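**Q**
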Amino acid sequence: MAVPLQSTTTTSQPFANVEIPTLLLSGIVWVPTIVALALLLFPDRTDAHRARLRSVALTAVGLVAALGVLMWYGFRDQGATFAYEEKRNWMQALGTSYHLGVDGVSMPVLLLSTILFLTAVLASYRVRDRVKEYFFFLLLLETGVNGVLSSLDYLLFFLFWGMQLVPAFFLIGAWGGGPRRLQVAWKYLAFGLVSSGLLLLAILVTAARAPSHTFDIPTLHDAHLPVAVATLAFFLFLGAFALQLPVFPLHTGFVDAQSEAPAPVAAVLAGVVTKLGAYGLIRVNLGEFQDV
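For the sequence shown, numbering that gives the first Met the number 0 gives the first residue as 0, with consecutive numbering after it.
What follows is the structure, encoded as structure tokens:
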């Protein structure tokens, strides 16, 4: 593997002479899910109920977008290290941890994600059917996307990668506007499951043959794998991320999803969900396997 592009330090970031707590990144990831679960407690029988649901969802994504802008402002002076790092013990027996952080690759896409989800909620004023469930899945989708962009642990990365598939499936299948929406939703899910399978296999191959027993992404930057293993992992990661991009001839699932999904969801899929594939290629394939 190549020499790491970043080194890791766990510190708070200065902002206007005040220390910004590192929990900001967890806020960007988990606030949407917390609010999504809270929405399930709200009634949605009348127009007033549905308006309140929209207001709560809008408040959640607005807060997340504000945190994203705040982090971007504090991030501008960062050097090569990861910013807003959080690292906590989590399933130590497996060599994995709850490790979040952003750098010059992930921070711009994360900011874009927060703004696009805010725009998607604003554009969802025409949704009248099952409003509670719609915003529930949309907020879960934001957690999945933001989690992928923030993860510095491969197992955590994989869990968030899989998490964003299920909400997208329901948003396309239940609120899509075309007659083929269910067929397209299943096709999108199938592509996503294949991508997740390849990703998990690549992660296991990489972690199993690394000198240190860990799933930590920055640590594995330093690992030296046998050429055959590194080549296999490279192409497994490439397949997983290519399915998410998507690229020809693997683009049909995304094209169909775009045509059937509600407009706000289609904007999120095109604007940020497919960018996860490009992000993965840069973070993993170009960052860790430059010698392959």
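For every residue, glycine included, the Cβ atom is placed at its ideal position computed from N, Cα and C. Remember, predicted model here, so these are calculated numbers, not experimental data.
Where does Arg-87 fall in DSSP's three states?
**A** Residue state, collapsed to three classes: strand.
**Q** Can you give me the C-alpha to C-alpha distance between Ala-122 and Val-228, rounded to a whole angstrom?
**A** Spanning the two alpha carbons is a distance of roughly 46 Å.
**Q** Identify whether Ala-229 lies in helix, strand or coil by the three-state DSSP scheme.
**A** Ala-229: helix per DSSP, three-state reduction.
**Q** What's the C-alpha gap between Ala-173 and Ala-56?
**A** Straight-line Cα distance between these residues: approximately 19 Å.
**Q** Assign Leu-285 to one of three DSSP states: helix, strand, or coil.
**A** Looking at Leu-285 - three-state DSSP - the assignment turns out to be helix.
**Q** Is there contact between the region 136–143 and the region 27–41, where contact requires at least three CB pairs shorter than 8 Å?
**A** Enough Cβ pairs lie closer than 8 Å, so yes.
**Q** Give me, in chain order, the residues of the same chain whose beta-carbon lies closer than 8 Å to that of Leu-237; leave out the 5 immediate sequence neighbours on both sides.
**A** Closer than 8 Å at Cβ, skipping near neighbours: Leu-280, Asn-284.
**Q** Under 8 Å: do the region 209–216 and the region 163–183 share three or more Cβ pairs, one atom per stretch?
**A** Cβ pair count under 8 Å is below three, so no.
**Q** Give me the Cα-Cα distance between Ser-149 and Ala-50, rounded to the nearest whole angstrom.
**A** Each residue's alpha carbon lies about 32 Å from the other.
**Q** Judging by CA-CA distance, which residue of Tyr-72, Trp-89, Met-90, Leu-93 is the nearest neighbour of Tyr-83?
**A** It is Tyr-72.
**Q** In chain order, what residues of the same chain have a beta carbon less than 6 Å from the beta carbon of Ala-270, not counting five sequence neighbours either side?
**A** According to the sequence as given, residue 270 is Gly; it is not Ala. Leu-115.
**Q** For Leu-154, which residues in the same chain have their Cβ closer than 8 Å to its Cβ, ignoring the five residues on either side in sequence?
**A** Cβ neighbours of Leu-154 beyond the five flanking positions: Met-90, Leu-93, Thr-95, Ile-202, Phe-214.
**Q** Helix, strand or coil, according to DSSP, for Gly-103 in the structure here?
**A** Of the three classes helix, strand and coil, the one that applies to Gly-103 here is coil, per DSSP.
**Q** Report the rounded CA-to-CA distance for Leu-110 versus Gly-67, giving the unit in angstroms.
**A** Rounded to whole angstroms, Leu-110 to Gly-67 spans 5 Å at the Cα level.
**Q** Helix, strand or coil: how does DSSP classify Asp-128 here?
**A** Three-state result, Asp-128: coil.
**Q** Apart from the five residues just before and just after Phe-169, which ones in its own chain have a Cβ nearer than 7 Å to its Cβ?
**A** Within the same chain, Phe-169 has close Cβ partners Phe-136.
**Q** Which residues share a DSSP beta bridge with Ala-82?
**A** Val-101, per the DSSP bridge assignment.
**Q** With Arg-179 as the anchor, note down where its alpha helix (DSSP H) starts and where it stops.
**A** Run containing Arg-179: none; DSSP gives neither H nor E here.
**Q** Excluding sequence positions up to five away, which residues of its chain have a Cβ less than 7 Å from the Cβ of Leu-197?
**A** The answer, listed in chain order, is Leu-235, Gly-238, Ala-239.
**Q** Under the three-state reduction of DSSP, which class applies to Leu-25: helix, strand or coil?
**A** Here the sequence assigns Ser to residue 25, which means Leu is not the residue at that position. Helix.
**Q** Please state whether DSSP places Ser-150 in a helix, a strand or coil.
**A** Three-state DSSP puts Ser-150 in a strand.
**Q** Taking buried to mean at least 16 other C-beta atoms within 10 Å of its own C-beta, is Thr-10 buried or exposed?
**A** Residue placement at Thr-10 is poorly supported in this model, since its pLDDT is 45, which falls under 50; the coordinates are not used for a value here.
**Q** Identify every residue that forms a DSSP beta bridge with Asp-43.
**A** DSSP, once it has assigned bridges, lists no residue as partnering Asp-43.
**Q** May I ask whether a heavy atom of the ligand GDP can be found less than 7 Å away from the beta carbon of Val-101?
**A** The ligand GDP is absent from the structure shown, which contains no ligands of any kind.
**Q** Leaving out the 5 sequence neighbours to the left and right, which residues in its chain are closer than 6 Å to Ala-265 when beta-carbon positions are compared?
**A** These residues qualify, in order along the chain: Gln-257.
**Q** Bridge partners of Ser-96, per DSSP?
**A** According to DSSP, which records beta bridges pairwise, Ser-96 is partnered with Asn-88.
**Q** Is it right to say Ala-47 is buried, meaning 16 or more other beta carbons lie within 10 angstroms of its own, or is it exposed?
**A** So Ala-47 ends up on the exposed side.
**Q** Could you check the C-alpha separation between Leu-224 and Ala-206 for me, to the nearest Å?
**A** Straight-line Cα distance between these residues: approximately 10 Å.
**Q** Roughly how many angstroms lie between the CA atoms of Asp-102 and Thr-45, to the nearest whole one?
**A** Cα to Cα, Asp-102 sits roughly 45 Å from Thr-45.
**Q** Anyone know if the C-beta pair for Leu-151 and Pro-217 falls short of 8 Å?
**A** It is a contact, given that the beta carbons lie within the stated cut-off.
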